[in-house]
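Asks: Numbering (the numbering used here), first residue to last: 319 to 480.
1. In its own chain, which residues sit with a C-beta less than 7 Å from the C-beta of residue 383, not counting the 5 before and 5 after it?
2. Classify residue 433 as helix, strand or coil using the three-state DSSP reduction.
3. Would you mind giving the Cβ-Cβ distance between residue 478 and residue 456, rounded to the nearest angstrom? I have them listed as a contact below 8 Å.
4. How should residue 385 be labelled, buried or exposed, when 16 other C-beta atoms within 10 angstroms of its C-beta is the threshold for buried?
5. Under 9 Å, do residue 465 and residue 408 count as touching if we go by C-beta distance?
6. With respect to the beta strand (DSSP E) encompassing residue 413, which residues constitute its N-terminal and C-terminal limits?
7. Are the CB atoms of residue 471 and residue 379 nearer to each other than 9 Å?
8. Between residue 441 and residue 390, which are expected to be in contact by the criterion C-beta below 8 Å, what is the C-beta distance as a whole number of angstroms?
9. Mind reading off the beta-carbon distance from residue 452 to residue 374? Whole number of angstroms is fine, and I expect it under 8 Å.
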């Protein structure tokens, strides 16, 4: 029985390794070194992972400076320890962040930094992986409130990869 399996394997290998008429076998050495790695992968026939389209439009509150993770950025969920929003003027209570995955709230809250210019939602111990969340789109909604002013809403989304 084992000899039949071994012979069958070698017959299959010979069949699939035969060149097809009109197609040249490509190896890493047959691809010009000037191509970028993605282009080399395309030349070798390596499929790329395509992320789904993010339909959430980014809009920001006044005085918004940056976000981490940024809009449409891909993040490994196990490495994601916090969501950080920075502003050019100090924030005030009740500023907050809400994170959704598939219309489900997966995290909410946020702390204002000592200088008041950042809003941080921390995931102690890697809450994203602890909750067994899946690869997908994570939507970030926030309220940025400024002293002596109103609260403003903002939103963006990022890719979470398991």
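Even glycine gets a Cβ: it sits at the ideal position worked out from N, Cα and C.
Replies: In terms of the structure at hand:
1. Walking along the chain shown from the start, residue 383 turns up at place 65. Here the set comprises 404, 405 and 406.
2. Along the chain shown, one-based indexing puts residue 433 at 115. DSSP places residue 433 in coil when its eight states are reduced to three.
3. Along the chain shown, one-based indexing puts residue 478 at 160. Along the chain shown, one-based indexing puts residue 456 at 138. At roughly 5 Å, the Cβ-Cβ gap stays under 8 Å, so residue 478 and residue 456 are in contact.
4. Numbered from its first residue, the chain shown carries residue 385 at position 67. So residue 385 counts as buried.
5. As a position in the chain shown, residue 465 is number 147, starting the count at 1. As a position in the chain shown, residue 408 is number 90, starting the count at 1. Contact: yes.
6. Numbered from its first residue, the chain shown carries residue 413 at position 95. Taken as a continuous stretch (DSSP letters only), the beta strand (DSSP E) holding residue 413 covers 409 to 419.
7. Mapped onto the chain shown, residue 471 falls at position 153. Mapped onto the chain shown, residue 379 falls at position 61. Yes; because the gap between Cβ atoms is below 9 Å, this pair is in contact.
8. For the purposes of this step, residue 441 is taken as the residue at position 123 of the chain shown. For the purposes of this step, residue 390 is taken as the residue at position 72 of the chain shown. Actually they are not in contact, since the Cβ atoms of residue 441 and residue 390 sit about 20 Å apart, beyond 8 Å.
9. Your numbering for residue 452 matches position 134 in the chain shown. Your numbering for residue 374 matches position 56 in the chain shown. Contact flag wrong, Cβ pair sits at about 18 Å.
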